[in-house]
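Residue numbers (my numbering), protein chains in the order written: chain W, 1 to 240; chain D, 241 to 440; chain S, 441 to 925. From the three backbone atoms N, C-alpha and C, an ideal C-beta is built for every residue, glycine too.
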Amino acid sequence: MDQKPSKLKVFLDPLCKANPLFVMILGTCPALAVTTSLESAIGMGLLFTFVVFCSNLIISLLRKVIPEEVRTPCYIVVIATFVTVVKLLSSTFLPELYSSLGVFVSLLVVNCIVLGRAEAFASQNTVVDSMLDGLGNGLGYTWAIAAIALVREVLGTGTLTFGKVFTFIPKFTLPILSGYSGSDFSMAIPLFKSSAGGFLVLGIALAIIAAVNNEKERKAKEKARAEKAAAAAAAKGGNN
Amino acid sequence: MEYVISFILAIISYMVIDNVILARYFGICSFIGVGNKIKSSIGMGLAVFFVTMMAALVCWPLYNFILVPAGMEYMETIVFILVIASLVQMVGFFIKKKSMSLYKTLGIYLPLITTNCAVLGVAESNMAFDFGRSMANALGTSLGFVLVIFIFACIRVKLEGSNLPKAFKGVPIALIVAGLMAIVFMGLGGMINLGTWGLI
Amino acid sequence: MIKNTYIRCALVLGCICVGSAALIGGLHYVTESYKATHKSTKAPAEIQDLKPGATFEEVTTPMPAPIMGDNTKVTITAIYALKDGNKTTGYAYMLNCGKPVKTELTCSVLFEGAATEATKNSLKPTAVNVIVGGDAGYDTNVIKLGESIVAGTVDINKNQSEIVMSGGTNSQKFFLDGVKVARNDYVNRINGTSGEPVKKTPVEDIYGESYKSSVENTTFTKLEATTSHCTYEITKLYTVTLKDSTTTWAYDGIINWVDPEGETDTLKLTAAFSGNKSDVKFDGYKVTQNVSYSQYKSWLDAVKTGEKSIDGDDIIEAGGTMTLNAVKDAIRGMRDHFAANYKTVLEGMYGESYVSESVDTFTTLEGTTSHCSYKITKRYSVALTTGSGKAYEATVSFQDPEDETDTTKFIAAFSGDASNVKLVGYKITQKINFEQYTSWIDKLTSGEKTLDDTDYVGTGATMSLNAVRDTLLAMRADYIASLGE
Numbered sequence: 001m002d003q004k005p006s007k008l009k010v011f012l013d014p015l016c017k018a019n020p021l022f023v024m025i026l027g028t029c030p031a032l033a034v035t036t037s038l039e040s041a042i043g044m045g046l047l048f049t050f051v052v053f054c055s056n057l058i059i060s061l062l063r064k065v066i067p068e069e070v071r072t073p074c075y076i077v078v079i080a081t082f083v084t085v086v087k088l089l090s091s092t093f094l095p096e097l098y099s100s101l102g103v104f105v106s107l108l109v110v111n112c113i114v115l116g117r118a119e120a121f122a123s124q125n126t127v128v129d130s131m132l133d134g135l136g137n138g139l140g141y142t143w144a145i146a147a148i149a150l151v152r153e154v155l156g157t158g159t160l161t162f163g164k165v166f167t168f169i170p171k172f173t174l175p176i177l178s179g180y181s182g183s184d185f186s187m188a189i190p191l192f193k194s195s196a197g198g199f200l201v202l203g204i205a206l207a208i209i210a211a212v213n214n215e216k217e218r219k220a221k222e223k224a225r226a227e228k229a230a231a232a233a234a235a236k237g238g239n240n
Numbered sequence: 241m242e243y244v245i246s247f248i249l250a251i252i253s254y255m256v257i258d259n260v261i262l263a264r265y266f267g268i269c270s271f272i273g274v275g276n277k278i279k280s281s282i283g284m285g286l287a288v289f290f291v292t293m294m295a296a297l298v299c300w301p302l303y304n305f306i307l308v309p310a311g312m313e314y315m316e317t318i319v320f321i322l323v324i325a326s327l328v329q330m331v332g333f334f335i336k337k338k339s340m341s342l343y344k345t346l347g348i349y350l351p352l353i354t355t356n357c358a359v360l361g362v363a364e365s366n367m368a369f370d371f372g373r374s375m376a377n378a379l380g381t382s383l384g385f386v387l388v389i390f391i392f393a394c395i396r397v398k399l400e401g402s403n404l405p406k407a408f409k410g411v412p413i414a415l416i417v418a419g420l421m422a423i424v425f426m427g428l429g430g431m432i433n434l435g436t437w438g439l440i
Numbered sequence: 441m442i443k444n445t446y447i448r449c450a451l452v453l454g455c456i457c458v459g460s461a462a463l464i465g466g467l468h469y470v471t472e473s474y475k476a477t478h479k480s481t482k483a484p485a486e487i488q489d490l491k492p493g494a495t496f497e498e499v500t501t502p503m504p505a506p507i508m509g510d511n512t513k514v515t516i517t518a519i520y521a522l523k524d525g526n527k528t529t530g531y532a533y534m535l536n537c538g539k540p541v542k543t544e545l546t547c548s549v550l551f552e553g554a555a556t557e558a559t560k561n562s563l564k565p566t567a568v569n570v571i572v573g574g575d576a577g578y579d580t581n582v583i584k585l586g587e588s589i590v591a592g593t594v595d596i597n598k599n600q601s602e603i604v605m606s607g608g609t610n611s612q613k614f615f616l617d618g619v620k621v622a623r624n625d626y627v628n629r630i631n632g633t634s635g636e637p638v639k640k641t642p643v644e645d646i647y648g649e650s651y652k653s654s655v656e657n658t659t660f661t662k663l664e665a666t667t668s669h670c671t672y673e674i675t676k677l678y679t680v681t682l683k684d685s686t687t688t689w690a691y692d693g694i695i696n697w698v699d700p701e702g703e704t705d706t707l708k709l710t711a712a713f714s715g716n717k718s719d720v721k722f723d724g725y726k727v728t729q730n731v732s733y734s735q736y737k738s739w740l741d742a743v744k745t746g747e748k749s750i751d752g753d754d755i756i757e758a759g760g761t762m763t764l765n766a767v768k769d770a771i772r773g774m775r776d777h778f779a780a781n782y783k784t785v786l787e788g789m790y791g792e793s794y795v796s797e798s799v800d801t802f803t804t805l806e807g808t809t810s811h812c813s814y815k816i817t818k819r820y821s822v823a824l825t826t827g828s829g830k831a832y833e834a835t836v837s838f839q840d841p842e843d844e845t846d847t848t849k850f851i852a853a854f855s856g857d858a859s860n861v862k863l864v865g866y867k868i869t870q871k872i873n874f875e876q877y878t879s880w881i882d883k884l885t886s887g888e889k890t891l892d893d894t895d896y897v898g899t900g901a902t903m904s905l906n907a908v909r910d911t912l913l914a915m916r917a918d919y920i921a922s923l924g925e
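Dropping the structure here:
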């Protein structure tokens with residue numbers, strides 16, 4: 001029987017090793033839709049974290065009560081409730097974020113990650129573990145889409161704009177590839193702002209990660225082979 | 241007559257120009273996961289078509305004739321998703337009874353449609369439209385979905401045989417292909433001016 | 441066992457549903473009450489974009505009623521005051537201008553700085569924002585037009601057909617209507633509040649509360665005359681529109697005479713007249729450059745009230761006689777010009793046979809038909825050289841195909857006896873979009889068609905035509921009835 005993973009591992013895994021977007025390749029719809037702006041992506045990530053955290057919490061609390069047959073509908077209702085909660089709260093307190101994310105806030109209901117974590121983890125683990133798992137997945141997803149948004153916004157518009165969505169920050173624009181005041185210099189590639197750019201960025205990101213993983217694997221294999229050979233040689237030597 | 245023409249143009253527009261996957265970002269998970277089997281991709285597409293149409297047919301009146309008069313617009317997320325989930329169950333039952341082989345082909349895809357952004361996305365965008373436009377949206381969206389999934393599966397079949405760097409095999413190349421397809425479809429933009437029928 | 445599972449399932453699902461409904465309902469209530477108490481006082485983006493960084497404050501007084509522009513109805517949906525500290529330095533308007541295709545044209549306009557009725561024509565908006573798009577060419581051309589107006593390369597006072605670009609002409613015309621309506625409201629609103637008290641024009645002074653607007657008559661040529669008492673010039677003629685939609689005339693005059701000391705005295709004044717050629721009324725005067733002997737003023741006041749006749753031989757005590765005689769000559773000169781040239785609306789319709797007119801005591805005749813509802817509000821009795829006639833003013837309302845209420849106002853003049861009623865002429869005082877019925881009324885006045893013809897319906901604008909026809913039938917019925925009295 002597998003040893004129950006430590007609390008720290010539960011939290012850290014989704015941040016890196018088991019990242020919901022880059023490793024599990026789930027939740028790709030918002031990852032392409034809201035990543036044209038870094039601020040929107042961070043906002044989306046935070047809303048997502050809230051939803052996955054709360055739903056994990058409640059589902060874990062109720063895991064012993066919900067019968068097997070109505071498992072899925074129950075999970076869906078719980079998740080939908082928290083998505084509606086998030087919608088109501090964000091439309092009141094963060095209206096700019098709500099309007100920039102549009103329909104994708106509602107689509108958190110069918111986000112594979114939320115449902116996936118509920119089924120795979122929260123239904124079988126303690127409340128604390130589930131909370132940590134929710135937090136970890138949320139933050140992991142947030143930094144993942146933020147990374148994509150960073151690339152897309154910088155390459156696509158050449159600047160990083162803050163303060164448009166989170167209005168409590170004063171609005172300012174960081175010129176990187178363009179937008180320098182008084183000059184028309186621009187190295188921005190508008191392709192990245194469009195949907196095609198989103199696909200390309202995500203595809204390349206995944207390819208990079210796969211390449212890194214492959215490299216690790218290859219090294220591990222090499223090491224294992226070397227050890228095996230050394231062990232065999234030692235055994236041979238020993239037999240001699 | 242003008243209405244009918246607008247309706248048809250709207251379907252074409254939603255299907256090809258504002259394509260559900262390539263321009264509106266819905267249904268990507270299923271799109272990536274459909275793999276390279278052409279038959280199953282068509283099956284998946286058909287299932288999405290069914291569910292989207294029925295969901296649109298049910299959700300629009302539900303929203304406009306029950307939720308809005310009761311002032312309970314904020315309940316729409318829950319109501320819609322429950323409708324979609326139950327529709328998927330019913331479609332599953334139906335297909336199981338009628339044709340076991342079709343059911344086997346669709347396999348795991350059917351329950352997966354519940355989490356397909358396209359279905360809920362269409363139902364949500366329809367809230368603001370009148371009935372004709374919402375039907376055009378549903379038809380165009382699901383037809384566009386089938387179209388793109390089919391093209392994609394065909395391309396992936398070809399990709400199987402090609403010599404790709406290891407890192408790109410599988411999902412990465414699929415996404416890049418999707419990006420290229422998106423660029424192609426982008427070229428169709430502006431072809432049809434829909435006026436008040438168009439997606440804002 | 442199975443039953444148990446079903447019940448358990450239903451129970452759990454039901455509880456979860458109830459719990460979630462309670463949570464959401466409660467949260468909804470909380471957020472609604474929060475929203476109500478924290479209603480944002482920020483100006484909406486469309487207004488703020490006109491001048492980023494500036495402070496806009498919503499004007500909470502009731503919005504002015506929708507106004508009919510040259511082409512369409514313009515509704516001011518919101519007004520924001522541009523504030524510089526405590527001072528209001530401008531106003532921004534959210535406008536709704538008619539329906540070009542299926543979507544309405546919405547725009548926001550900002551006017552800044554001092555402006556008066558007199559400087560109105562040189563006033564242009566400092567920023568314009570067109571918000572909604574619709575038919576082909578609409579977006580780009582209206583936006584271009586807006587930019588040209590702000591830049592000053594297009595003069596909105598020019599004839600609209602000279603300004604609009606091809607492609608979305610309706611939308612551009614509606615947009616121009618909106619800008620003009622906003623400009624008019626701005627002039628009224630900013631008048632006197634942008635620092636210095638704004639001087640009223642003499643004509644405005646004469647008519648006071650009932651004054652609406654005036655326009656200089658550019659075809660008027662200066663009149664000069666010399667009498668035994670003075671030489672005077674009538675330099676300008678104004679057509680004045682009053683709030684009750686009647687028009688009057690006002691003259692600017694310069695009067696010169698030589699006083700006993702051999703010095704030339706100059707008196708400048710503006711005088712206004714109304715009425716008709718048989719019955720000229722002196723409405724009042726305003727002196728813009730005075731002389732030392734002002735006793736003539738009491739005579740002018742008496743003529744205004746009717747106490748004294750404009751042709752009377754009154755003189756005043758020594759010292760004022762010269763001035764008075766000079767003024768009399770000038771005022772009579774103006775009066776003569778008025779009597780010879782001013783045509784009332786009805787005089788224009790009846791032409792040569794017109795003698796005089798008077799307003800009847802008339803109770804508003806209201807009626808509803810299958811095509812419209814009308815109110816005949818005024819009746820005039822017109823004396824003609826060939827007999828007499830009657831004219832009517834009416835307001836007609838009907839529902840258009842887009843289910844909006846269209847209202848048109850017009851005056852129609854009748855003459856003739858009961859067996860042969862003639863429609864002599866008509867004038868539309870409030871237009872609607874579909875004016876094709878005017879070609880039909882023209883056929884009525886020329887005699888080509890009669891009100892009883894049933895083949896009156898042409899193509900297009902059947903609704904407005906039917907509405908107007910029903911009203912004309914009602915007017916004719918009243919005319920015939922009045923002949924019997």
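- Item | Residues of its chain near S:Val-568, where Cβ-Cβ distance is below 7 Å and the 5 sequence neighbours each way are ignored | Here the set comprises Cys-547, Val-549, Gly-586, Ile-589, Val-590.
- Message: Please list, in chain order, the residues of the segment 77-92 of chain W that have any C-beta partner in chain S closer than 9 Å.
- Response: Cβ contacts with chain S come from Val-77, Val-78, Ala-80, Thr-81, Phe-82, Thr-84, Val-85, Leu-88, Leu-89, Ser-91, Thr-92.
- Item | C-alpha distance - S:Ile-447 paired with D:Ala-296, whole-angstrom precision | Straight through space, the alpha carbons of D:Ala-296 and S:Ile-447 are spaced by roughly 31 Å.
- Task: Can you give me the Cβ contacts of S:Ala-770 inside the same chain, cut-off strictly under 6 Å, excluding the 5 residues immediately before and after it?
- Result: When the five nearest sequence neighbours on each side are left out, the beta carbons in the same chain lying within less than 6 Å of the beta carbon of S:Ala-770 are those of Tyr-672, Gly-693, Ile-695, in order along the chain.
- Whose CA, out of S:Leu-616, S:Arg-623, S:Gly-618, S:Lys-726, lies closest to the CA of S:Ser-553? At residue 553 of chain S the sequence reads Gly, which differs from the Ser that was named. Answer by Cα proximity: S:Arg-623.
- Item | Neighbour list for D:Ile-318 in chain S, Cβ cutoff strictly below 9 Å | Cys-457, Ser-460, Ala-461, Ile-464, listed in chain order.
- Short CB-CB distance (under 8 Å) between W:Cys-112 and chain D: Interface residue, yes.
- Task: Compare the Cα-Cα distances from W:Gly-134 to each of W:Gly-116, W:Thr-173, W:Ala-235 and report the closest residue.
- Result: Minimum Cα distance to W:Gly-134 is reached at W:Gly-116.
- Between S:Gln-600 and S:Asp-510, which are expected to be in contact by the criterion C-beta below 8 Å, what is the C-beta distance as a whole number of angstroms? That pair is a contact at about 7 Å.
- Residues that DSSP places opposite S:Tyr-710 in a beta bridge: Sequence inspection shows Thr at residue 710 of chain S; the Tyr mentioned does not correspond to that position. Bridge pairing for S:Thr-710: S:Asp-692, S:Lys-726 [DSSP].
- Task: Determine the extent of the beta strand (DSSP E) in which S:Cys-547 is found, giving its start and end residues.
- Result: For S:Cys-547, the uninterrupted beta strand (DSSP E) segment begins and ends at 545-552.
- Taking S:His-468 as the query, report the chain D residues whose CB atoms sit under 8 Å from its CB, ordered along the chain. Within chain D, the C-beta atoms nearer than 8 Å to that of S:His-468 come from Tyr-314, in chain order.
- Mind checking who W:Phe-172 pairs with in its DSSP beta bridge? Beta-bridge partners of W:Phe-172 (DSSP): W:Phe-162.
- Query: So what does S:Ser-821 bridge to, in DSSP terms?
  - Reply: DSSP output for S:Ser-821 lists S:Ser-798, S:Lys-830 as bridge partner(s).
- Query: Candidates S:Ile-750, S:Ala-521, S:Thr-847: which alpha carbon is nearest S:Tyr-814's?
  - Reply: Taking only the C-alpha atoms, the option nearest S:Tyr-814 is S:Thr-847.
- What do you get for S:Glu-557, buried or exposed, if any count of 16 or more other CB atoms within 10 angstroms of its CB means buried? Buried: at least 16 other Cβ atoms inside 10 Å.
- Spell out whether any CB of chain S is found under 8 Å from the CB atom of W:Glu-39. No, because no Cβ of chain S sits closer than 8 Å to the Cβ of W:Glu-39.
- Query: In whole angstroms, what separates the C-alpha of W:Gly-203 from that of W:Val-212?
  - Reply: Straight through space, the alpha carbons of W:Val-212 and W:Gly-203 are spaced by roughly 14 Å.
- Which of helix, strand or coil does DSSP assign to S:Asp-575? Because S:Asp-575 sits at a pLDDT of 39, beneath the cut-off of 50, its placement in the model cannot be relied upon, and the following sentence gives the value as read from the coordinates. In the structure shown, S:Asp-575 sits in coil (DSSP, three-state: anything other than H, G, I, E or B).
- Measure how close the beta-carbons of W:Cys-74 and S:Ile-487 come, nearest whole angstrom, since I'm counting them as under 8 Å. Not confirmed; about 48 Å, so no contact.
- Extent of the continuous alpha helix (DSSP H) to which D:Val-291 belongs: Start and end: 278-301.
- Task: Return the chain-ordered list of same chain residues with a C-beta closer than 6 Å to the C-beta of S:Gly-635, the five sequence neighbours on each side being excluded.
- Result: Note that S:Gly-635 scores a pLDDT of 37, beneath 50, so its modelled location is shaky; the value from the coordinates is reported in the next line. Excluding the 5 residues flanking it on each side, S:Gly-635 has no same chain C-beta neighbour closer than 6 Å.
- Task: Starting from the beta carbon of S:Cys-812, find every residue of chain W whose beta carbon is closer than 9 Å, and list them in chain order.
- Result: Contacts between S:Cys-812 and chain W, judged by CB atoms closer than 9 Å, are missing: the closest CB pair is about 44 Å apart.
- As assigned by DSSP and simplified to three states, the class of S:Leu-522: In the three-state DSSP reduction, S:Leu-522 falls in the strand class (E or B).
- Message: Here's the rule: buried if 16 or more other CB atoms are within 10 angstroms of the residue's CB, otherwise exposed. What is W:Gly-308?
- Response: Outside the displayed range of chain W (1 to 240) lies residue 308 of chain W, so it cannot be described from this structure.
- Would you mind working out which of S:Ser-837, S:Ala-823, S:Met-503, S:Met-605 sits nearest S:Asn-716, comparing C-alpha positions? Closest by alpha carbon: S:Ala-823.
- Message: So for S:Asp-910, helix, strand or coil by DSSP?
- Response: The answer is helix: DSSP assigns S:Asp-910 an H, G or I state.
- Ignore the nearest five residues each way along the sequence and tell me which others in S:Gly-592's own chain have a CB closer than 8 Å to its CB. In the same chain as S:Gly-592, and ignoring 5 residues on each side of it, the C-beta atoms closer than 8 Å to its own belong to Lys-564, in chain order.
- Message: Looking only at its chain, what residues have a beta carbon closer than 6 Å to the beta carbon of W:Tyr-98, apart from the 5 residues adjacent to it on each side?
- Response: If we look at W:Tyr-98 and ignore the five residues flanking it on each side, its Cβ neighbours are Ser-90, Ser-91.
- Query: If you measure from the beta carbon of W:Cys-74 to each beta carbon in chain S, is any gap under 8 Å?
  - Reply: Judged by the 8 Å Cβ criterion, W:Cys-74 is in contact with chain S.
- Would you call the CB atoms of S:Tyr-678 and S:Ser-654 closer than 8 Å? Contact: yes.
- Task: With DSSP as the reference, label S:Ser-460 as helix, strand or coil.
- Result: Three-state DSSP puts S:Ser-460 in a helix.
- alpha helix (DSSP H) segment containing W:Val-127, residue limits: It spans 127-157 - the alpha helix (DSSP H) in which W:Val-127 sits, taken as one unbroken run.
- Item | Classification of D:Ile-318 by the beta-carbon crowding that lies within 10 angstroms, buried from 16 upward | Within a 10 Å sphere around the beta-carbon of D:Ile-318 sit 16 or more other beta-carbons, which makes this residue buried.
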